[in-house]
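> Structure provided below as structure tokens; questions to follow.
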Amino acid sequence: MEGCRWTTAGTLLLASLLLSSRTARSEEDRDSLWDAWGSWSECSRTCGGGASYSLRRCLSSKTCEGRNIRYRTCSNVDCPPEAGDFRAQQCSAHNDVKYQGQFYEWLPVSNDPDNPCSLKCQARGVALVVELAPKVLDGTRCYTESLDMCISGLCQIVGCDRQLGSAVKEDNCGVCNGDGSTCRLVRGQYKSQLSANKLDDTVVAIPYGSRQIRLVLKGPDHLYLETKTLQGVKSENSLSSTGSFLMDNSSIDFQKFPDKEILRISGPLTADFTIKIRYAGAADSSVQFIFYQPIIHRWRETDFFPCSASCGGGYQLTSAECFDLRSNRVVADQYCHYYPENIKPKPKLQECNLDPCPASDGYKQIMPYDLYHPLPRWESTPWTACSSSCGGGIQSRSVSCVEEDIQGHISPVEEWKCMYTPKMPVVQPCNIFDCPKWLAQEWSPCTVTCGQGLRYRVVLCIDHRGMHTGGCSPKTKPHIKEECIVPTPCYKPKEKIPVEAKLPWYKQAQELEEGAVVSEEPSFIPEAWSTCSVTCGVGSQVRLVKCQVLLSFSQSVADLPIDECEGPKPVSQRACYSGPCSGEATEYTPEETELLYSSLQEFDELYDWEYEGFTECSESCGGGVQEAVVTCLNKQTRETADETLCVTSLRPPQLLKACSLDPCPPR
């Protein structure tokens, strides 16, 4: 009987098998109490994603376990734009039904956090919100920005694969269950540059297919849109009021406030959008933007090229070509090189024509991969320098067909041998952006309160991005000072009557440059400016400028020699002004004045100093003095603020003017 003994492990295994058998049998028994599932019902919607159900009947006199209804999604095709919102259609169906004795035009109330699957509607023009039905129709979206749908009054999760209960989501590029590799994040900032002969300007061009677009304008100016479809049809929208609307089948949400404007477009865009700004005030505006731009040029692997031998064994290779997804055509490789995310696939190799040649004794020896005789290929020299640094130029290179032998020696061959692939271009445009030009700011007030004086203005060299730069011709620079005459006569000598002859109020400027970010290309990265070298008067500031590069494999920053970075190096020293010394009125030489105005630019803060009239005259007759009153103001509300809030702005110099110039009557 020893052979019949049960071990502990054997007992546990038997118990497990018995339990599994009973569980399977109980499930079979449970399912056997149900009739077969019926056919699927008609879809609740014809487009936009609806729901269909199937029923089954309980065959037992007792209660059956499980559900007698199941659902699935259907009609998962986008509705045409003119179809309208499904929830809005359900609200409008009540327009011809009286509510409390009155007809209303009902509009949908979406995104109810408490009960998203009830039909809540608002009467147009009045603050009346009513639940017109406890449940919306099956297939209605729970929330406007989600695929989740209401079924039998409950919100059910729907993945981007349009399946109930699926947790699969779209990536930022709009690809279901994607990895985000088919688009790139674009973010930036635009600052307006006022010009007397310029009424508007382009903020950013956003290409077809872009998603999750958001722009915020701060300032007095206004945004407007221009679009161009792939067929070349153009349109424009002035964005005159807050609201949601369609433009070239793209849904746009626009909000307009007194001091800012917000533009949102979920996308994908069905046309090329150009966001523009229309100047409306004397103050500058800034626009911040962010969106995901599709990578429209991608590498595509070619078919295998012809075999290198007609018999006896040869090889053939594939290549990669740059493909434009919008136009469905092959373009120059440089378009794919523009995107760092694009990695050109390596060529594949395979054997071919292995049948022996008729006049040979057998197979031709197949060489190892690294000794294969490569196909002839196009080879180019580097591009020449651009013929112009701006305003549009050309650069060229030579392209020839070459062949490499087994030993690696390269020699030129006839061009027809390379015609299996397009020849690379030999000329291309370059530096097509506008050349820098001078931009003159407004004139300052005259430096005197009577008679002849001087006035000044800031003149900046602005590049095609509206940034302060160099490169403008000194010969065409507008003059920064000129004489001015105040028609008030000066009755007394200057040494007896204090006449204003000081630098007028200005604001200390900071360089108009974007914050530099370390990238995988060597670039100049300036550090923060030091504090001013003096506590009053004219001094200087310095900063350190490094040549740095981002090491992608370690995500660390490395310092490089200065000559490794291309382009102009940002300045490392500039003038600064810390206010008048000793708190008294200060006289400036013309050289000091010109230095300040040429070195300082406009600096915008929320709180700033401003003149608020003059004090009463120190004398009632015979010549007296009035002093300008300086207060700290909130520039948005125009209300007086505590002076500590203006500490980051330069306090204006003391201003004096003569008053009560009539002679005193004899005593």
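Numbering (mature numbering (1 follows the signal peptide of the UniProt record, and there is no 0)), first residue to last: -26 to -1, 1 to 641. Cβ atoms here follow ideal geometry from the backbone N, Cα and C, with glycine treated the same way.
With a threshold of 16 other CB atoms inside 10 Å of the CB of Leu213, please say whether the residue is buried or exposed.
buried
> Need the endpoints of the beta strand (DSSP E) that Ala294 sits in, please.
Taken as a continuous stretch (DSSP letters only), the beta strand (DSSP E) holding Ala294 covers 294 to 298.
> Is Pro268 near the ligand SAH, judged by its Cβ being under 8 angstroms from some heavy atom?
Among the components modelled here there is no ligand, and therefore nothing to report on the ligand SAH.
> Look at Leu159 and Ile239 and say whether their C-beta atoms are less than 9 angstroms apart.
no
> Is it true that the CB of Trp583 sits closer than 9 angstroms to the CB of Thr611?
No, Cβ-Cβ distance for Thr611 and Trp583 is not below 9 angstroms.
> Could you compute how far the alpha carbon of Leu518 sits from the alpha carbon of Glu501?
6 angstroms
> So if DSSP puts Pro640 in a beta bridge, which residue, or which two residues, is it bridged to?
Partner(s): none; Pro640 has no beta bridge.
> Does DSSP classify Lys520 as helix, strand or coil?
strand
> Nearest CA to the CA of Arg429: which residue from Arg439, Lys411, Ile454?
It is Ile454.
> Who are the near neighbours of Cys296 in its chain, counting only those whose CB is closer than 7 angstroms to its CB and skipping five residues on each side?
His271, Trp273, Val304, Val305, Ala306, Asp307, Tyr309, Cys310
> Work out the CA separation of Arg185 and Ala256 for me, nearest whole Å.
33 angstroms
> Which residue wins for smallest C-alpha separation from Cys157, given the options Asn316, Ala549, Asp533, Arg351?
Asn316
> Report the residue from Arg136, Pro356, Phe279 whose alpha carbon sits nearest the alpha carbon of Glu325.
Phe279
> For Trp11, which residues in the same chain have their Cβ closer than 6 angstroms to its Cβ, ignoring the five residues on either side in sequence?
Leaving aside the five residues that flank Trp11 on each side, the residues in its chain whose CB is nearer than 6 angstroms to its CB run, in chain order, Ser28, Arg30.
> So is Met123 buried or exposed if we call it buried at 16+ other beta carbons inside 10 Å?
Per the 10 Å Cβ criterion, buried.
> Report yes if the CB atom of Ile249 is closer than 9 angstroms to the CB atom of Leu199, and no otherwise.
yes
> Report the start-end ranges of each beta strand (DSSP E) in the region 403 to 457 that is 3 residues or longer and not cut off at the edges.
411 to 414, 425 to 430, 433 to 436
> Which runs of the alpha helix (DSSP H) at least 4 residues long sit entirely within the region 48 to 110? Give them in chain order.
The DSSP assignment places 60 to 66 as complete runs of the alpha helix (DSSP H) inside the region 48 to 110, in order along the chain (cut-off: 4 residues).
> Taking the C-alpha atoms as reference points, what is the distance between Val100 and Cys134?
Distance from the CA of Val100 to the CA of Cys134, rounded to the nearest whole angstrom, comes to 37 angstroms.
> So the candidates are Thr443, Gly241, Leu111; which of them puts its Cα closest to the Cα of Ser92?
Leu111
> Under three-state DSSP, which class holds Cys633?
strand
> Out of Thr37, Pro194, Gly183, point me to the one whose CA is closest to Asp222's CA.
Gly183
> The alpha helix (DSSP H) that contains residue 671, what's its start and end?
Residue 671 cannot be examined here, being either before or after the span of the chain that is shown, -26 to 641.
> Put Ile131 into one of helix, strand or coil per three-state DSSP.
In this structure, Ile131 counts as coil in the three-state DSSP scheme.
> Comparing C-alpha positions only, which one of Gly427, Met441, Pro535 sits nearest to Val433?
Met441
> Based on DSSP bridge pairs, tell me the residues matched to Val376.
Paired residue(s): Arg351, Pro386.
> Just mark Cys17 as buried or exposed, buried being the case when its beta carbon has 16 or more other beta carbons within 10 Å.
The residue in question, Cys17, is buried, as its Cβ has 16 or more Cβ neighbours within 10 Å.
> Cβ of Thr47 within 9 angstroms of Cβ of Val132?
yes
> To the nearest angstrom, how far is the alpha carbon of Leu323 from that of Leu291?
5 angstroms
> If you check the beta carbons only, do Thr589 and Glu601 fall under 9 angstroms apart?
yes
> Report the option in Ser26, Cys32, Arg61, Cys38 whose CA atom is closest to the CA atom of Arg44.
The residue with the shortest Cα to Cα distance from Arg44 is Ser26.
> Quick check: the region 392 to 404 against the region 356 to 369, are there 3 or more CB pairs under 8 angstroms?
yes
> How many angstroms separate the CA atom of His196 from the CA atom of Tyr253?
7 angstroms
> Ends of the beta strand (DSSP E) at Glu590?
Note, Glu590: premise wrong, no beta strand (DSSP E); not H, not E.
> Fully enclosed by the region 6 to 31, which beta strand (DSSP E) runs are 3 residues long or longer?
Those beta strand (DSSP E) runs which fall completely within the region 6 to 31 and span 3+ residues are 24 to 29.
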